[in-house]
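Be aware that the sequence shown starts at 424, since it is given in our numbering, and climbs by one per residue. What follows is a single structure, written as structure tokens, with notes after it.
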Amino acid sequence: MSASGKTRTPGRDVLRDSVLGGDLVFLLARANALTLAAANAALAEHGLKARSYSVLALAADGARPTQRELAEFLRLDPSQVVALVDGLEKRHLVERRTDPADRRANVLVATDAGRDLFARAQQAARAVELGLLATVTPEEHERLAGLLRLLAFPD
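See the structure below:
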């Protein structure tokens, strides 16, 4: 018996069926932790983690973001973005270029090597996504993506 006087059934179902099993904040945090762990493991073979992959993705997509825009979009401290960009730049995957619209700012652009690495890393990231969502239908996948977009971009 547990301290509450209830008989404890072994196994993780006891915890899954607990009060946290229906708590949306907990479920989002747990899903995030599982997703990040799987993504980081898959991206490691490319010398990336989820955060550096995200920066490289935005640079390779042609978005030409400033570091300030990256920090706001990725919800990171600007000093974290500087470290991520520095690491990618040292590997010759991205370049800082003067923003033609504001010569005081720099935009981030992927190099050819960066675009090539991103293409390979994106395949690894997609495989992780498909693996994590193997139990949901394509319709549920689309619905989940739509709901997460609503939460991620409320304005």
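Every residue gets a Cβ at the ideal spot worked out from N, C-alpha and C, and that includes glycine. What you are looking at is a predicted structure, and each value in this text was computed from that prediction instead of being measured.
*So what's arginine 369 in DSSP terms, helix, strand or just coil?*
For residue 369 there is no data in the structure shown, the boundaries of the chain being 424 and 578.
*Check alanine 461 in the structure and name its three-state DSSP category.*
Alanine 461: helix per DSSP, three-state reduction.
*Return the bridge partner residues of arginine 520 from the DSSP annotation.*
Answer by DSSP bridge pairing, in chain order: Val530.
*Tell me aspartate 525's beta-bridge partners as DSSP assigns them.*
For aspartate 525, which the question treats as bridged, DSSP gives the partners Asp522.
*asked:* Quick check on glycine 485: buried or exposed, where buried means 16 or more other Cβ atoms within 10 Å of its Cβ?
replied: Around the Cβ of glycine 485, a 10 Å sphere holds fewer than 16 other Cβ atoms; the residue is exposed.
*Examine the Cβ distances between the segment 455 to 465 and the segment 548 to 556 and report whether three or more of them are shorter than 8 Å.*
Yes, the segment 455 to 465 touches the segment 548 to 556.
_Straight-line Cα distance separating arginine 527 from leucine 447_ = Computed Cα separation, rounded: 42 Å.
_Test item: CB-CB of leucine 479 and phenylalanine 496 under 9 Å_ = With a cutoff of 9 Å on beta-carbon distance, leucine 479 and phenylalanine 496 are scored as not near each other.
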